[in-house]
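Participant: Take a look at the following structure, please.
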Amino acid sequence: MKTTFTLFLSCLCCLFFYAVSFGQTPAPPTEAAEAWNSALKSLKDSNWKQADESFDLVLLFAPKYAPAHIGKLCVELKVPEERFLGNIEPPVGIDELPNFKTALENADPAYKRQIQGYADTLNLRLKAMLERVPKDNRKAGERVELKIKGIDYAFRWCPAGTFLMGSPQNEADRRDTENQHRVTLSSGFWMLETEVTQGMWASVMGNNPSYFKGIKLPVEQVSWDDCQEYIKKLNGLGIAPKGFKFSLPTEAQWEYACRAGTTGAYGGTGKLDDMGWYSDNSGGTTHVVGTKRANAWGLFDMHGNVWEWCSDLYGDYPNGAVTDPVGANTGSFRVFRGGSWFCSAEYCRSAVRGYDTPGNRYHRLGFRLSLVRFSPESVMSVLAFVSGCSTVR
Ligand SMILES: [Ca+2]
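With the working numbering applied, the sequence shown corresponds to residues 22 to 414, in that order.
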């Protein structure tokens with residue numbers, strides 16, 4: 022435990038020095054901010070193991086976030102210099118001397134050597150962390166179930182891979198916004214087998230905003246912002262499989278899962294009437310999820326029933342090949358996909374893109390969950406980041 026805590030503070034020390042040296046002030050992603058607050062609370066509670074785990078999450082979620090907030094930590098912890106630089110014996114009283122930040126700002130040569138040692142230790146530690154990331158060798162469509170608030174959530178595995186996103190020039194009714202380009206998804210992910218149902222929503226949120234009522238009908242009249250609240254609550258339950266978190270799928274993940282290896286206008290059998298509820302067969306309402314045919318990876322209602330929010334900001338597709346795209350950097354609209362009970366067939370194609378402001382709600386718009394892995398790439402960027410630290414002499 023002593024070693025663990027020493028390493029933890031070593032991380033902070035190293036990252037703080039980086040912040041002082043380079044003055045970075047990146048905005049914190051929500052997950053990193055939450056992990057950071059959790060680490061602070063755990064330290065105050067003298068829960069060293071939890072603090073260490075939370076700091077791991079900060080590194081995983083947003084390595085560049087940590088340094089800008091070390092100063093805040095110093096103020097809160099008031100860790101004395103001599104204890105920080107020597108052998109730390111927890112618990113460290115948070116009311117002790119506020120010399121830590123000053124010491125770092127002065128950063129004499131001896132201290133820089135200490136930083137070097139910390140950086141090397143952290144480097145080894147992060148490499149070990151990378152090696153612990155399990156290999157994704159599951160088969161496409163593999164199924165797992167989670168029981169959440171008494172309700173079964175079935176997820177299907179979508180393996181890492183490459184596909185053509187968008188529609189070919191000869192596809193009927195295609196739009197100019199669907200220009201075809203090659204997309205590689207470097208990590209596999211889990212996709213909810215169906216749209217999120219009203220039963221799922223109500224059990225977590227305590228309300229049901231849907232226009233058409235029924236616990237097995239897809240939830241609708243939920244905004245993109247509402248979905249974020251639901252997902253935040255799910256992640257707060259601590260029930261996601263180790264190394265994964267609940268999320269909206271990215272637009273690329275959504276289309277990749279919808280196509281499940283197909284290249285035509287519709288996935289599965291290729292016939293929309295088999296695969297989904299749309300204006301010609303819906304009778305003007307949503308339907309119980311999972312009552313049409315599933316696609317090749319076991320996913321239902323990717324065409325029709327309700328449109329499904331994705332995480333991306335809407336923007337033009339790139340012209341060339343991309344890896345792990347997450348949408349536009351700026352914009353006012355969030356993407357949704359797949360068409361609905363209200364739409365004619367052309368709007369239910371695999372490649373069709375819808376979008377709207379994140380606060381809007383409609384009785385033809387819902388969503389689907391994904392479970393995505395904490396990115397190994399974020400660990401790699403920490404390694405690069407620490408290497409930058411190590412150059413200090
Ligand atoms: Ca749908």
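No residue lacks a Cβ here, since even glycine has one placed at the ideal position from N, Cα and C.
Distance, Cα to Cα, residue 371 vs residue 301?
Facilitator: Taking the first residue of the sequence shown as 1, we reach residue 371 at position 350. Taking the first residue of the sequence shown as 1, we reach residue 301 at position 280. Their backbone Cα atoms lie some 18 Å apart in a straight line.
Participant: Take the Cβ of residue 313 as the centre, count every other Cβ of all protein chains shown within 10 Å, and call the residue buried at 16 or more, exposed below.
Facilitator: Translated into the one-based positions of the sequence shown, residue 313 becomes position 292. The residue is buried, with at least 16 neighbouring Cβ atoms inside 10 Å.
Participant: Buried or exposed: which applies to residue 361, given that a residue is buried once 16 or more other Cβ atoms fall within 10 Å of its Cβ?
Facilitator: The sequence position of residue 361 within the sequence shown is 340, counting from 1. Buried is the call here.
Participant: Which of helix, strand or coil does DSSP assign to residue 306?
Facilitator: Counting from 1 along the sequence shown, the entry for residue 306 is found at position 285. Looking at residue 306 - three-state DSSP - the assignment turns out to be coil, as it is neither helix nor strand.
Participant: Considering just the uninterrupted stretch of the alpha helix (DSSP H) at residue 245, what are its terminal residues?
Facilitator: Along the sequence shown, one-based indexing puts residue 245 at 224. 245-257 is the extent of the alpha helix (DSSP H) around residue 245.
Participant: Quick one: does the C-beta of residue 216 sit closer than 7 Å to a heavy atom of ligand 1?
Facilitator: Position 195 of the sequence shown, counting from 1, holds the residue named residue 216. Answer for residue 216: yes, Cβ within range of ligand 1.
Participant: With hydrogens ignored, establish whether the beta-carbon of residue 296 is closer than 7 Å to any heavy atom of ligand 1.
Facilitator: Mapped onto the sequence shown, residue 296 falls at position 275. No, Cβ of residue 296 sits at least 7 Å from all heavy atoms of ligand 1.
Participant: Secondary structure at residue 186, three-state DSSP: helix, strand or coil?
Facilitator: Stepping through the sequence shown from its first residue, residue 186 is reached at position 165. In the structure shown, residue 186 sits in a strand (DSSP, three-state: E or B).
Participant: Decide yes or no for the touch test of the region 351-368 against the region 322-335: beta carbon pairs closer than 8 Å, at least 3 of them.
Facilitator: The region 351-368 is in contact with the region 322-335.
Participant: If you draw a straight line from the C-alpha of residue 316 to the C-alpha of residue 261, how long is it?
Facilitator: Here residue 316 refers to the residue found at position 295 when the sequence shown is read from its first residue. Here residue 261 refers to the residue found at position 240 when the sequence shown is read from its first residue. Distance between the alpha carbons of residue 316 and residue 261 is about 25 Å.
Participant: From residue 235 to residue 342, what distance separates their C-alpha atoms?
Facilitator: On the sequence shown, residue 235 is found 214 positions in, with the first residue counted as 1. On the sequence shown, residue 342 is found 321 positions in, with the first residue counted as 1. So the two alpha carbons sit approximately 42 Å from each other.
Participant: For residue 386, which beta-bridge partners are listed by DSSP?
Facilitator: For the purposes of this step, residue 386 is identified with residue 365 of the sequence shown, where counting begins at 1. Per DSSP, 328.
Participant: Sorry if obvious, but does the Cβ on residue 272 come closer than 7 Å to a heavy atom of ligand 1?
Facilitator: For the purposes of this step, residue 272 is identified with residue 251 of the sequence shown, where counting begins at 1. Result no, Cβ not under 7 Å from ligand 1.
Participant: Is residue 322 close to ligand 1? I mean its beta-carbon at under 7 Å from any heavy atom of the ligand.
Facilitator: The residue given as residue 322 occupies position 301 in the sequence shown. Yes, since a heavy atom of ligand 1 falls inside the 7 Å radius drawn around the Cβ of residue 322.
Participant: Should residue 220 be flagged as near chain B, meaning a C-beta pair shorter than 8 Å?
Facilitator: Absent here is chain B; the protein component of the structure consists of one chain.
Participant: Indicate the three-state DSSP secondary structure (helix, strand or coil) for residue 364 in the structure shown.
Facilitator: Translated into positions along the sequence shown, residue 364 becomes position 343. DSSP places residue 364 in coil when its eight states are reduced to three.
Participant: Within 10 angstroms of the Cβ of residue 193, are there 16 or more other Cβ atoms? Answer buried if so, exposed if not.
Facilitator: If you number the sequence shown from 1, residue 193 lands on position 172. Exposed, since its Cβ has fewer than 16 Cβ neighbours within 10 Å.
Participant: What is the DSSP secondary structure of residue 394, reduced to helix, strand or coil?
Facilitator: Indexing the sequence shown from 1 puts residue 394 at position 373. Residue 394: strand per DSSP, three-state reduction.
Participant: CB of residue 309 to nearest heavy atom of ligand 1: below 7 Å?
Facilitator: Within the sequence shown, the letter at position 288 stands for residue 309. Not under cutoff, so the answer is no.
Participant: Do residue 306 and residue 233 have their C-beta atoms closer together than 8 Å?
Facilitator: As a working note, residue 306 is residue 285 in the sequence shown. As a working note, residue 233 is residue 212 in the sequence shown. The answer is yes: Cβ separation under 8 Å.
Participant: Rank 275, 274, 319 and 304 by C-alpha distance to the C-alpha of residue 296 and give the top, closest one.
Facilitator: Walking along the sequence shown from the start, residue 296 turns up at place 275. It is 319.
Participant: Taking only heavy atoms of ligand 1 into account, decide whether any of them is closer than 7 Å to the Cβ of residue 359.
Facilitator: Within the sequence shown, the letter at position 338 stands for residue 359. Yes - ligand 1 has a heavy atom lying nearer than 7 Å to the Cβ of residue 359.
Participant: Using the C-alpha atoms, what's the distance from residue 184 back to residue 172?
Facilitator: Against the sequence shown, residue 172 aligns to sequence position 151. Against the sequence shown, residue 184 aligns to sequence position 163. Taking the straight line from one Cα to the other gives about 33 Å.
Participant: Any heavy atom of ligand 1 inside 7 Å of the beta-carbon of residue 326?
Facilitator: Residue mapping note: residue 326 aligns to position 305 of the sequence shown, counting from 1. It does: the Cβ of residue 326 is within 7 Å (strictly closer) of some heavy atom of ligand 1.
Participant: Give me, in chain order, the residues of the same chain whose beta-carbon lies closer than 8 Å to that of residue 127; leave out the 5 immediate sequence neighbours on both sides.
Facilitator: Stepping through the sequence shown from its first residue, residue 127 is reached at position 106. Summary for residue 127: the model assigns pLDDT 46, below 50, so the residue's position carries little reliability, and this model does not support an answer.
Participant: Would you decide whether residue 213 is buried or exposed? Buried here means 16 or more other CB atoms lie within 10 Å of its CB.
Facilitator: Position 192 of the sequence shown, counting from 1, holds the residue named residue 213. So residue 213 ends up on the buried side.
Participant: Can the beta-carbon of residue 331 be found less than 8 Å from the beta-carbon of residue 270?
Facilitator: Locating residue 331 in the sequence shown gives position 310, where the first residue counts as 1. Locating residue 270 in the sequence shown gives position 249, where the first residue counts as 1. Closer than 8 Å, so yes.
Participant: Out of 329, 242, 284 and 166, which one is the CA nearest neighbour of residue 216?
Facilitator: By 1-based counting over the sequence shown, the position of residue 216 is 195. Per the Cα distances, 329.
Participant: Using beta-carbon positions only, say whether residue 159 and residue 180 come within less than 8 Å of one another.
Facilitator: On the sequence shown, position 138 is the one that residue 159 refers to. On the sequence shown, position 159 is the one that residue 180 refers to. Closer than 8 Å, so yes.
Participant: DSSP three-state call for residue 344: helix, strand or coil?
Facilitator: Taking the sequence shown and counting its residues from 1, the one referred to as residue 344 is at position 323. Reduced to three states, the DSSP call for residue 344 is strand.
Participant: Using only the alpha-carbon positions, how far apart do residue 167 and residue 178 sit?
Facilitator: The sequence position of residue 167 within the sequence shown is 146, counting from 1. The sequence position of residue 178 within the sequence shown is 157, counting from 1. Cα to Cα, the separation comes out at about 13 Å.
Participant: Once you ignore the five residues that flank residue 309 on each side, which residues in its own chain have a CB closer than 8 Å to its CB?
Facilitator: As a working mapping, residue 309 is identified with position 288 in the sequence shown. Excluding sequence neighbours, residue 309 sits near 235, 237 and 238.
Participant: With a cut-off of 8 Å on the beta carbons, I'd call residue 245 and residue 379 a contact; round off their distance for me.
Facilitator: Looking up residue 245 in the sequence shown gives position 224. Looking up residue 379 in the sequence shown gives position 358. At roughly 4 Å, the Cβ-Cβ gap stays under 8 Å, so residue 245 and residue 379 are in contact.
Participant: Measuring CB to CB, does residue 267 end up less than 8 Å from residue 390?
Facilitator: As a working mapping, residue 267 is identified with position 246 in the sequence shown. As a working mapping, residue 390 is identified with position 369 in the sequence shown. In this structure, residue 390 lies closer than 8 Å to residue 267 by Cβ.
Participant: Just list the residues that DSSP pairs residue 211 with in beta bridges.
Facilitator: Here residue 211 refers to the residue found at position 190 of the sequence shown. BP columns for residue 211 point to 178 and 392.
Participant: Is residue 347 near residue 210, with beta carbons less than 8 Å apart?
Facilitator: Position 326 of the sequence shown, counted from the first residue, corresponds to residue 347. Position 189 of the sequence shown, counted from the first residue, corresponds to residue 210. It is not a contact, given that the beta carbons lie outside the stated cut-off.
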